[in-house]
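A.B. asks: Just passing along the structure, written as structure tokens.
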Amino acid sequence: MTALSSKRKQRSLIIGVMLSILTYWLFAQALLNIGPQIQSTYHASLNIVNISVSLTSFVTGVLMVVAGNVADKLGRVKMVYLALILNVIGSLLLVLTGYISLFLLGRVIQGFSAAIIMSTTIALFNDYFDGEARKKALSYWSIGAFGGTGFASTFAGLISTYLGWQYIFILSIVISIVAFWLLKDISDTQRQRDTRAHFDLVGLVIFIAMIASVSFVITQGYKMGWTHPYSLACLLIFIVSVGLFIFVEQRRAEPFINLRLFKNKAFVGAVIANTLLNTCVGVIALINIFAQGSLKLNSFQAGLLTLPYVIALLIVVRVGEKGINRFGSKVMMVGGPTLSAIGIALLSMTFLNSSSYLVLVIIASVLFGTGTGLFATPALNTAVSTTPQDKVGVASGIFKMGSTLGGAFGIAIITSVYEGVLSTGKSVTQAASYGFLTGVLMVVIAIIVGGCLLPRKEN
């Protein structure tokens, strides 16, 4: 652990990392809300636009652990510099060319950038901060991530309406340059190892096949059908890859992922609970679907319904940080999701009349966001504080990969339940209620996992 020489450098590191995080959560994710404008600009098919929307998240999820592994070996600050440069290149491809093929390439490059940033910046905070300072820094990391994704919809709508969607990514370029400048005086602290000759390329290839196949099943299975030949083929590839990966990695002197990480119950508990809680992204998606389909709100009005969730989350993130000392991480990681489960359960009361339900949604969203905010920093702190220093990058990648896959899985499962209930002839209100209750079930499992695996004693 190396302390920064001044408060100014500490502030520069925190702000630089937060801006780096925003290049993904606020800017790259804004494409979720501007699909029609992209289609109009490029005269592309809806299918191509949909691919461009999900492409960055897919690449990020697949390569996040890879990026963390490489950063552990070659230097985390260097990797953040690379990520910011890649984001500039990717953003330029999005706004300066008229070719959809280069637009898609830009989205892939943004995915590479985000994969590095998600895993490496967490490890960077672990390098430079300890104890209370680390918890505080990780709280700011959570604020950047959750705040960015929470306001992405409103931000994208405002910019695309009044300036044009291209300005979203012009701003992203500016933010990347500012972040690069803020981090220019930060140097790598971990002892770098020349492990190029021993880099586990076989493990890397198997791991990418494993994550790519399960990501495809999660993100596309509910669209094509869970029993579609492509879905079944990818599921088979995933199962075979898992077995092969374990077999190969146990026999490597320098494995791609040291499987001993998964003997750490606290780390495993934090990863699983985090993955399950992130399935609640599907709940947010269902709020928008139900509000527009049954309550007859427009997309902007539906988006406003989730703002109490984001605001409550951001307000209590620092409370979650302080709660680690007073109550311990386990209490916060069980108590927080309990509040979230109560909030989502309230959302399932879709039988109420519209005006009563809208009031209930605001109350439920506040509970939902409060619970998630209380959980965020304790979970992140547990994941990095219980991991060996030279493995924090890959551990951070695994933790954040869980967030990405959990969110995709939540959207797939909850919307599938909603559509499945509708197909049986039940009403929209009944279908939405079943979807929300599915979200409650996932959070309850996260609570049980946290209660069983997380240690009582604080690290």
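Each residue of the sequence shown is one higher than the last, beginning at 1 in the UniProt record's numbering.
Here a beta-carbon is modelled for each residue, glycine too, at the ideal position from N, C-alpha and C.
1) Flag this pair as yes or no: are the beta carbons of F146 and L286 separated by less than 8 Å?
2) Would you say N264 and T386 are within 8 Å of each other, going by their C-beta atoms?
3) Whole angstroms is fine: what's the gap from N325's alpha carbon to A376's?
4) Hey, how far is the Cα of R107 from the Cα of F327?
5) Under the assumption that L261 contacts A395 (Cβ atoms under 8 Å), give the Cβ distance between them as a whole number of angstroms.
6) Put R251 into one of helix, strand or coil per three-state DSSP.
7) State the DSSP-derived secondary structure class of R196, mapped to helix, strand or coil.
8) Less than 8 Å between the beta carbons of G293 and L374, yes or no?
9) Using only the alpha-carbon positions, how far apart do G303 and T154 sit?
10) For my contact list, I117 and A71 are in at a C-beta cut-off of 8 Å; report their separation, rounded to the angstrom.
11) Taking the C-alpha atoms as reference points, what is the distance between T97 and I170?
12) Where does W329 sit, in a helix, a strand or coil, going by DSSP?
13) Helix, strand or coil, according to DSSP, for M1 in the structure here?
14) If you reduce the DSSP assignment to three classes, tell me which class L182 lands in.
15) Quick check: what's the CA-CA separation for Y81 versus V440?
16) What whole-angstrom Cβ distance do G157 and F300 have, given they're in contact under 8 Å?
17) Does the beta carbon of L297 come closer than 8 Å to any beta carbon on chain B?
18) Please state whether DSSP places A44 in a helix, a strand or coil.
19) For the pair the segment 207–215 and the segment 237–245, tell me if three or more CB-CB distances fall below 8 Å.
20) Are T404 and T60 touching if we call contact CB-CB under 8 Å?
21) Anyone know if the C-beta pair for A273 and V77 falls short of 8 Å?
22) For Y99, is the classification buried or exposed, using 16 other Cβ atoms within 10 angstroms of its Cβ as the cut-off for buried?
23) Can you check the segment 88–136 for any alpha helix (DSSP H) of at least 4 residues that lies completely inside it and give the ranges in chain order?
24) Measure the alpha-carbon distance for L201 versus L236 and round it to whole angstroms.
25) Would you call the CB atoms of S348 and G371 closer than 8 Å?
26) Rounded to a whole number of angstroms, what is the C-alpha to C-alpha distance between L453 and L422?
27) By the three-class DSSP mapping on this structure, what secondary structure does N274 have?
28) Which class does P388 belong to by DSSP, given the choice of helix, strand or coil?
29) Let me know the secondary structure DSSP gives residue 463 once reduced to three states.
30) State the DSSP-derived secondary structure class of K296, mapped to helix, strand or coil.
31) Look at the alpha carbon of N459 and the alpha carbon of L276, and state the distance between them as a whole number of angstroms.
32) For the alpha helix (DSSP H) containing R11, name the first residue and the last one.
33) My output table needs one value for C280: the three-state DSSP class, helix, strand or coil.
34) Keeping to the same chain, check which residues put their C-beta closer than 7 Å to that of L86; ignore five residues upstream and five downstream.
35) Going by C-alpha distance, which of A30, S52, G68, K296 is nearest V392?
36) Roughly how many angstroms lie between the CA atoms of A379 and R134, to the nearest whole one?
C.D. replies: So, from the listed chains and residues:
1) No, the Cβ-Cβ distance between F146 and L286 is not below 8 Å.
2) With contacts defined by Cβ atoms closer than 8 Å, N264 and T386 form a contacting pair.
3) Note on geometry: alpha-carbon atoms of N325 and A376 lie some 15 Å from one another.
4) Roughly 42 Å separates the two Cα atoms.
5) For a cut-off of 8 Å, the C-beta gap from L261 to A395 is around 6 Å, short enough to register as a contact.
6) Under the three-state reduction of DSSP, R251 is assigned to coil, being neither helix nor strand.
7) With a pLDDT of only 47 at R196, under the threshold of 50, the placement of this residue in the model should not be trusted; the figure read from the coordinates follows. Three-state DSSP puts R196 in a helix.
8) Against a cut-off of 8 Å, the Cβ pair of L374 and G293 comes out as no contact.
9) Whole-angstrom Cα-Cα distance: 8 Å.
10) Contact flag wrong, Cβ pair sits at about 10 Å.
11) Taking the straight line joining both Cα atoms gives about 13 Å.
12) The question names Trp, yet the displayed sequence has Ser at residue 329. Helix.
13) Residue placement at M1 is poorly supported in this model, since its pLDDT is 47, which falls under 50; the coordinates are not used for a value here.
14) If DSSP states are grouped into helix, strand and coil, L182 belongs with the helices.
15) About 40 Å.
16) With 8 Å as the limit, G157 and F300 qualify as a contact, their Cβ atoms being about 7 Å apart.
17) Of the protein chains in this structure there is only one, and it is not chain B.
18) Here DSSP, grouped into helix, strand and coil, assigns A44 to coil.
19) Yes: the two stretches touch, three or more of their Cβ pairs being nearer than 8 Å.
20) Closer than 8 Å, so yes.
21) No, the Cβ-Cβ distance between A273 and V77 is not below 8 Å.
22) Taking every protein chain shown into account, the CB of Y99 has fewer than 16 other CB atoms within 10 angstroms, so this residue is exposed.
23) Counting whole runs of 4 or more residues, the segment 88–136 contains the alpha helix (DSSP H) stretches 100–128.
24) L201 and L236: Cα-Cα distance of roughly 22 Å.
25) With contacts defined as CB atoms closer than 8 Å, S348 and G371 fail to qualify as a contacting pair.
26) When only Cα atoms are considered, L453 and L422 end up about 37 Å apart.
27) In the structure shown, N274 adopts helical secondary structure according to DSSP, grouped into three states.
28) Here DSSP, grouped into helix, strand and coil, assigns P388 to coil.
29) The structure shown does not extend to residue 463, since the chain is modelled only from 1 to 459, so the question has no answer here.
30) In this structure, K296 counts as coil in the three-state DSSP scheme.
31) For N459, the predicted structure reports a pLDDT of 47, less than 50, and the residue's modelled location is therefore unreliable. A value from the coordinates is still provided. Looking at the two C-alpha atoms, the distance is approximately 23 Å.
32) Unbroken alpha helix (DSSP H) run through R11: 7–22.
33) The DSSP-derived three-state label of C280 is coil.
34) Shown here for L86: same chain residues with a beta carbon closer than 7 Å to its own, the five before and five after excluded, namely I109, F112, S113 in chain order.
35) Checked all of A30, S52, G68, K296; the closest Cα to V392 is G68.
36) If you draw a straight line from the Cα of A379 to the Cα of R134, it comes to about 13 Å.
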